[in-house]
Amino acid sequence: MSVRQRFFRVAKIFFKIFMDFSREFRLARKKGYRHALKKMKRSHERHAAELYRAAVSMGGVLIKLCQYFSSRRDVFPEEYIKALSPLQDSVPPVPFDRIEAVIKSEYGDYTRLFARIDREPLASASLGQVHRARLLDGREAVLKILKPGIERIIDTDFAILYFVFKLLSRFRVFQEHADFFDLLAEFIRVTGDELNFRREVYIAREFKKHLAGLDYVTVPDIYQEFCTNRIIVMEYHDGDRVNNIDAWITRNNDPEIIAKRIVEMYLEQFLSDPFIHFDPHPGNILITSDNHIVLVDYGMAGEISDRMRKGFADSLEALINKNPRKLIDALFALGFIRKGANRYALLPIVDFFIDEVLETFKFDRESFYSIDFTPIRDDLVEIIYTQPFTIPIDWAYIGKTLSTIAGLISILNPGFNLYGELKPYARRLLSANAAEKAARLLDSVKMNLSAAAAMPGRISDFMDNLERGYFKMKVDYGEIIDKIDEVKGFVIRIIIFMIGLVCGISTFIFYGEGKMSQSLMFAVTGGAAFLLFLVYKKRLARDKIRKYF
């Protein structure tokens, strides 16, 4: 399939899906969530099946997207979850003859190393394929093998993405976002890391060391002496995918406990560990027995900087302590709020979510639809209109990770209360970093004292500049433009009315003179003008947004 064919096929499918979701949202607002689900069921089934077929036939990056979608039960309808879930670890496999060719190219006569390699794969993913094996010394192992030709497919998909981003960048709405291509570069970098098996071996060994404190988490041993650029050999563990609850619940496992442990495991990574596992889809989290978790596949893992960790800790602490101002400051420091934006204008919305939503919100779609935005409707309209938010490039995959975890939690425990469950773990982990926090506080005190000492000089400079007239007033023209639009709309309606009135008078004049053709022409024009006068109303951008709340 050519690049052009891949592009148009994907674009067509996602356009249909977007239209479905838009219609479902409108129906849910008008007639309720359950009515919308029932009305859209067949359309969702049809387009979910179409997306699955496209992913299977095209492979590459599209499979990774579908894996992500299938873990978002809180966002996607059940029809998509059912259709796309098989792609988590059962992507149509590459025939063993082709896989064996890769093994031979890496090892030569591989029977010198392995007593057995199963022809049937344990799992087949977007980039690699997993086969169970046994080493000559009797140890059970798993081989993760890079699929033949996958580099070429990925390059093709990157070319498609570049073309799409280039096309979108021509639209004014996207031209304002200078980080558009930086986001693509980040995606290419992370996917490139997935193809680097040597890096994955190193990351897996680091995870094993740093997660050792959680006795319910197992990171498989890596048999490094057998690893190559295209094959990773690791310890075998028997377990079932985390979303296959029926398979593991009989082995003394509790979905609610599993959900809590996944949250704790990721809090540990965010607050203490140098790396984060970016790909927690169900195929990468296995459940054995007694609520024990096996975490596999470290291709998509990245570092978290000290600045990011501090910002995450500050945000979490503000959330737990219900401090909206500190939460906004932390988000601003991390780059989630654009520079120059009035970040404290967000206070009413953050207050609302902390006071009215945080303690009651659960991980299901109905919970979202049931939120009554009426008290903050005007504030939401203003925020959507001004768009003060942005996603920093270094947080793009972390955001994906958090949303995937949210999807898993919605499967394991739809009644999971984020605030209630998060609070004890967060307090424990935050208190463990008390020494670091004290050091930061001391630095802050020193900085503030230094700023206070410099204040008299700065005030003097300010007064001098003020006297010289060096300051300029910065005005937000948003409301002024809205008022101009209102006046413009009123003037246009007056002009339309006057045209209709003149045409009406002219119709009677020409009719009285017996000039029927001219009379008919003015009658039609006048009728059209009066009709336009009745239906025309200049709608502001804020009004268009407001109708969704």
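If you're matching positions, the sequence shown starts at 24 in the numbering used here and goes up one per residue. Think of the CB as a built atom: it goes at the ideal place given N, C-alpha and C, for glycine as much as any other residue. Since the model is a prediction, treat every value here as computed from it, not as a measurement.
For ILE168, the enclosing beta strand (DSSP E) stretches over residues 163-169. Nearest C-alpha to LEU158 among SER433, TYR133 and VAL286: TYR133. When C-alpha distances from ASP238 are compared across GLU163, LEU543 and MET288, the shortest belongs to MET288. Apart from sequence neighbours up to five positions away, the residues of its chain that approach THR530 with a beta-carbon distance below 7 Å are SER542, PHE545, ALA546 and GLY549, ordered along the chain. When only Cα atoms are considered, ALA77 and GLU258 end up about 34 Å apart. Taking a cut-off of 8 Å on C-beta distances, the stretch 170-182 touches the stretch 113-130, as three or more cross pairs fall below it.
Excluding residues up to 5 positions away in sequence, CYS89, ALA106, LEU107, PRO109 and LEU110 lie with their Cβ nearer than 8 Å to the Cβ of TYR75 in the same chain. By the C-beta density criterion, PHE186 is exposed, having fewer than 16 other C-beta atoms within 10 angstroms. In the three-state reduction of the DSSP assignment, THR413 falls in the coil class. Under DSSP, no beta-bridge partner is assigned to ARG361. Short of 8 Å from the beta carbon of ILE428, and not among the five residues preceding or following it, lie these beta carbons of its own chain, in chain order: ILE285, VAL286, TYR289 and PRO303. Note that the stretch 331-341 touches the stretch 349-362; at least 3 beta-carbon pairs, one per stretch, sit closer than 8 Å.
Taking a cut-off of 8 Å on C-beta distances, the stretch 265-281 does not touch the stretch 215-222, as fewer than three cross pairs fall below it. Per DSSP, the beta bridge partners of THR241 are VAL317. Per DSSP, the beta-bridge partners of MET257 are VAL165 and ILE245. Burial is judged here by how many other beta carbons sit within 10 angstroms of a residue's own beta carbon; GLN28 has fewer than 16 and is exposed.
Between TYR420 and LEU381 a beta carbon distance of about 25 Å is seen, past the 8 Å cut, so the two are scored as non-contacting. Each residue's CA atom was taken as its position, placing LYS61 and LEU555 some 38 Å apart. Distance between ILE183 and PHE30, taken at the CA atoms: about 6 Å.
Residues LEU136 of the same chain have their beta carbon placed closer than 7 Å to that of TYR130, with the five preceding and five following residues left out of the count. Under the criterion of beta carbons closer than 8 Å, PRO415 and PHE335 do not qualify as touching, at roughly 12 Å.
The DSSP-derived three-state label of VAL153 is strand.
Annotation for PHE92: PHE99, TYR103 and LEU107 place their beta carbon closer than 7 Å to its own, counting only its chain and skipping 5 residues before and after.
In this structure, ASN314 and ASP277 form a Cβ contact; the two beta carbons are roughly 6 Å apart against a cut-off of 8 Å. The three-state secondary structure of LEU342, taken from DSSP, is helix. Considering only GLY161, GLU209 and GLY82, the residue with the shortest C-alpha distance to GLY151 is GLY82. For LEU309, there is no enclosing alpha helix (DSSP H); the enclosing beta strand (DSSP E) has its first and last residue at 308-310. In summary, ILE122 is buried, with 16 or more beta-carbon neighbours lying within 10 Å of its beta-carbon over all protein chains present.
Between LEU309 and ARG348, the C-beta gap is not smaller than 9 Å, which leaves the two residues out of contact. Counting other Cβ atoms within 10 Å of its Cβ, THR397 stays below 16 and is therefore classed as exposed. For ILE434, the enclosing alpha helix (DSSP H) stretches over residues 419-435. Secondary structure note for HIS70: its alpha helix (DSSP H) is the uninterrupted segment 56-81. For PHE298, the enclosing beta strand (DSSP E) starts and ends at 298-300.
In the three-state DSSP reduction, ILE327 falls in the coil class, being neither helix nor strand.
Around the beta carbon of MET63, 16 or more other beta carbons sit within 10 angstroms, so the residue counts as buried.
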